[in-house]
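**Q** Right, I'll just put the structure down here and ask away after.
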Amino acid sequence: MNPLALMIFLLSLAIGTTITLSSYHWILAWVGLEINTLAIIPLMTKIPHPRAIEAATKYFLTQAAASALVLFSSLINAWQTGEWNIDSVSDLPMNALSIALMMKLGLAPLHFWMPEVLQGISLSTGLILSTWQKIAPMTLLLQTSHLINLDLTIILGLTSILVGGWGGIGQTLLRKIMAFSSIGHLGWMIIVLKFNPSLTLFNFILYIVMTASMFLSLMTLTTTKMSEISTSWSKTPTLTASTLLILLSLAGLPPLTGFAPKLLITLELVKQDATLLAALIMLASLLALFFYLRLTYIVSLTLPPNTPNSFSFWRTSNKSLPITAIMNTLALIFLPLTTTLLIFL
Numbered sequence: 001m002n003p004l005a006l007m008i009f010l011l012s013l014a015i016g017t018t019i020t021l022s023s024y025h026w027i028l029a030w031v032g033l034e035i036n037t038l039a040i041i042p043l044m045t046k047i048p049h050p051r052a053i054e055a056a057t058k059y060f061l062t063q064a065a066a067s068a069l070v071l072f073s074s075l076i077n078a079w080q081t082g083e084w085n086i087d088s089v090s091d092l093p094m095n096a097l098s099i100a101l102m103m104k105l106g107l108a109p110l111h112f113w114m115p116e117v118l119q120g121i122s123l124s125t126g127l128i129l130s131t132w133q134k135i136a137p138m139t140l141l142l143q144t145s146h147l148i149n150l151d152l153t154i155i156l157g158l159t160s161i162l163v164g165g166w167g168g169i170g171q172t173l174l175r176k177i178m179a180f181s182s183i184g185h186l187g188w189m190i191i192v193l194k195f196n197p198s199l200t201l202f203n204f205i206l207y208i209v210m211t212a213s214m215f216l217s218l219m220t221l222t223t224t225k226m227s228e229i230s231t232s233w234s235k236t237p238t239l240t241a242s243t244l245l246i247l248l249s250l251a252g253l254p255p256l257t258g259f260a261p262k263l264l265i266t267l268e269l270v271k272q273d274a275t276l277l278a279a280l281i282m283l284a285s286l287l288a289l290f291f292y293l294r295l296t297y298i299v300s301l302t303l304p305p306n307t308p309n310s311f312s313f314w315r316t317s318n319k320s321l322p323i324t325a326i327m328n329t330l331a332l333i334f335l336p337l338t339t340t341l342l343i344f345l
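The opening position of the sequence shown corresponds to residue 1 in full-length UniProt numbering, with each subsequent residue numbered one higher.
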């Protein structure tokens, strides 16, 4: 892609998210979401392949439907209350608005577009879709967290954790695994949204760190399938080992970074007398833990060793190694600093 066009699209992504984050009016928030959607579609189609075109079409149709629902619910709210402020939404428009924002995030049962779209695009665009594109809808949900229906968040959160676990069990394609991982993590965030919004924000920050580090590692290794990771042992053993550890961090195993949000959300639910809900989401997350452990076990122990036949080792490009190293470090050993981060939220 032309560097000038790429810069314009990335700048449009940043502007769209900034407009939504700084808006106090539903029309401005909707405009920011629309700019975000339109800016990423050319990035999806930069590889002229039918699968990429199909992914961009599915993404556009889903996001257009969700944006129409956002606009429709804000119009109903303006008709009922006479206000366009984000903080003042009545019950019926708020339910429709929550469903629209959750469709944009890819929460179950509105998740069907997410794995297919992520599988059809490149790793770099998948990184943007899984991290940056989630910021604007999640911010709107955080701003209206005191108005959201509690039953809706619990039902969609539990469904997302179950779907994220069940969907990822039979997968070997890394982009689909990351899609179902994203659905499961968003389920944890939505469940605690009504109880403690700052904990949702904390979980969202760590989700972005872990997902970005995973995608950056896969981009450096140029890997899209689990079997390809085994061939990189002899080329970049440190990066391959850290990639597998990031998978375990996404699973939420101590003492890695991903353990902190699961522990704190469970403690918060117990504190709010929702012990049964805490037990249910912990049991549901065992599905995701199973497929993460299974993938790590398959790659590290059961796949045959792939030793190179040549005398000179093939080297990966070093252009993204510094940022990859920083993100990997944060995704693995950030657990002791989580209390410091919570103080600032």
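Note that CB positions come from ideal geometry on N, CA and C, so glycine has one too.
State the Cα-Cα distance for the pair Ile-15 and Ala-39, rounded to the nearest angstrom.
**A** Locating residue 15 in the sequence shown gives position 15, where the first residue counts as 1. Locating residue 39 in the sequence shown gives position 39, where the first residue counts as 1. Distance between the alpha carbons of Ile-15 and Ala-39 is about 10 Å.
**Q** How about Ala-29 and Thr-45: do their beta carbons lie closer than 8 Å?
**A** Numbered from its first residue, the sequence shown carries residue 29 at position 29. Numbered from its first residue, the sequence shown carries residue 45 at position 45. No.
**Q** DSSP three-state label for Leu-105, please.
**A** For the purposes of this step, residue 105 is taken as the residue at position 105 of the sequence shown. Here Leu-105 sits in helix by DSSP.
**Q** By the three-class DSSP mapping on this structure, what secondary structure does Lys-58 have?
**A** Here residue 58 corresponds to residue number 58 of the sequence shown, with the count starting at 1. DSSP places Lys-58 in helix when its eight states are reduced to three.
**Q** Pick helix, strand or coil for Pro-254, following the three-state DSSP scheme.
**A** Within the sequence shown, residue 254 is the residue found at index 254, counting from 1. Coil.
**Q** Ile-333: which of Asp-87, Phe-259, Ser-130 sits nearest, CA to CA?
**A** As a first step, residue 333 must be located in the sequence shown, where it is residue number 333. Ranking the options by Cα distance to Ile-333, first place goes to Phe-259.
**Q** Quick check on Asn-318: does DSSP put it in helix, strand or coil?
**A** Numbered from its first residue, the sequence shown carries residue 318 at position 318. Low confidence applies to Asn-318: its pLDDT is 48, below 50, so where it sits in the model is not reliable enough to give any reading.
**Q** Express the C-alpha separation of Ala-278 and Asn-318 in angstroms, rounding to a whole number.
**A** For the purposes of this step, residue 318 is identified with residue 318 of the sequence shown, where counting begins at 1. For the purposes of this step, residue 278 is identified with residue 278 of the sequence shown, where counting begins at 1. Reliability fails at Asn-318, whose pLDDT of 48 lies under 50, so the model's placement of it is uncertain and no value is given.
**Q** Per DSSP, Asn-85 forms a beta bridge with which residues?
**A** Taking the sequence shown and counting its residues from 1, one reaches residue 85 at position 85. For Asn-85, which the question treats as bridged, DSSP gives the partners His-25.
**Q** From this set, Gly-168, Leu-21, Pro-50, which residue's C-alpha is nearest Ile-86's C-alpha?
**A** Counted from its first residue, the sequence shown places residue 86 at position 86. Checked all of Gly-168, Leu-21, Pro-50; the closest Cα to Ile-86 is Leu-21.
**Q** Work out the CA separation of Ile-41 and Tyr-59 for me, nearest whole Å.
**A** In the sequence shown, counting from the first residue as 1, residue 59 sits at position 59. In the sequence shown, counting from the first residue as 1, residue 41 sits at position 41. Distance between the alpha carbons of Tyr-59 and Ile-41 is about 8 Å.
**Q** Met-178 CB to nearest chain C CB: under 8 Å?
**A** In summary, chain C is missing from the structure at hand, where a single protein chain is found.
**Q** Mind reading off the beta-carbon distance from Arg-51 to Gly-126? Whole number of angstroms is fine, and I expect it under 8 Å.
**A** Taking the sequence shown and counting its residues from 1, the one referred to as residue 51 is at position 51. Taking the sequence shown and counting its residues from 1, the one referred to as residue 126 is at position 126. Between Gly-126 and Arg-51 the Cβ distance is about 13 Å, and since that is not below 8 Å, they are no contact.
**Q** Is the beta carbon of Pro-261 less than 8 Å from the beta carbon of Trp-188?
**A** As a first step, residue 261 must be located in the sequence shown, where it is residue number 261. As a first step, residue 188 must be located in the sequence shown, where it is residue number 188. Their beta carbons are under 8 Å apart, which means Pro-261 touches Trp-188 by this criterion.
**Q** Return yes when the Cβ of Leu-221 is within less than 8 Å of the Cβ of Thr-243, no when it is not.
**A** Here residue 243 is taken as the residue at index 243 of the sequence shown, counted from 1. Here residue 221 is taken as the residue at index 221 of the sequence shown, counted from 1. Taking 8 Å as the Cβ cut-off, Thr-243 and Leu-221 qualify as a contacting pair.
**Q** With a threshold of 16 other CB atoms inside 10 Å of the CB of Ser-227, please say whether the residue is buried or exposed.
**A** As a first step, residue 227 is located in the sequence shown; it is residue number 227 there, counting from the start. Under this definition Ser-227 is an exposed residue.
**Q** Which of the three DSSP states is assigned to Lys-235 in this structure?
**A** Numbered from 1 along the sequence shown, position 235 holds the residue referred to as residue 235. Here Lys-235 sits in coil by DSSP.
**Q** Do the stretch 188 to 199 and the stretch 137 to 145 meet, that is, are 3 or more Cβ pairs less than 8 Å apart?
**A** Output reads yes: the stretch 137 to 145 touches the stretch 188 to 199.
**Q** Name the DSSP bridge partner or partners of Lys-225?
**A** In the sequence shown, counting from the first residue as 1, residue 225 sits at position 225. Lys-225 is bridged to Leu-173.
**Q** On a CA-only basis, which of Ile-208, Leu-253, Ala-325, Asn-328 is nearest Ile-128? Give me that one, please.
**A** For this step, residue 128 is matched to residue 128 along the sequence shown. The shortest C-alpha separation from Ile-128 is found at Ile-208.
**Q** Going by C-alpha to C-alpha distance, which of Ala-100, Leu-71, Met-210, Ser-122 sits closest to Trp-323?
**A** Numbered from its first residue, the sequence shown carries residue 323 at position 323. Residue 323 is actually Ile in this sequence, not Trp. Cα-wise, what sits closest to Ile-323 is Met-210.
**Q** Are the Cβ atoms of Ala-251 and Leu-216 separated by less than 8 Å?
**A** Position 251 of the sequence shown holds residue 251. Position 216 of the sequence shown holds residue 216. No; because the gap between Cβ atoms is not below 8 Å, this pair is not in contact.
**Q** How is Asp-273 classed by DSSP in three states: helix, strand or coil?
**A** Residue 273 sits at position 273 when you count from the first residue of the sequence shown. Note: Asp-273 maps to coil in three-state DSSP.
**Q** I'd like the list of long-range same chain contacts for Thr-316, defined as Cβ closer than 6 Å, with 5 residues on each side in sequence excluded.
**A** Within the sequence shown, residue 316 is the residue found at index 316, counting from 1. Note on Thr-316: pLDDT 49, under 50, position unreliable in the model; the coordinate value appears next. These residues qualify, in order along the chain: Thr-220, Thr-236.
**Q** Along the alpha helix (DSSP H) that carries Ser-124, what are the first and last residues, could you check?
**A** The sequence position of residue 124 within the sequence shown is 124, counting from 1. Start and end: 123 to 130.
**Q** DSSP state of Ser-12, grouped into three classes?
**A** Residue mapping note: residue 12 aligns to position 12 of the sequence shown, counting from 1. Here Ser-12 sits in helix by DSSP.
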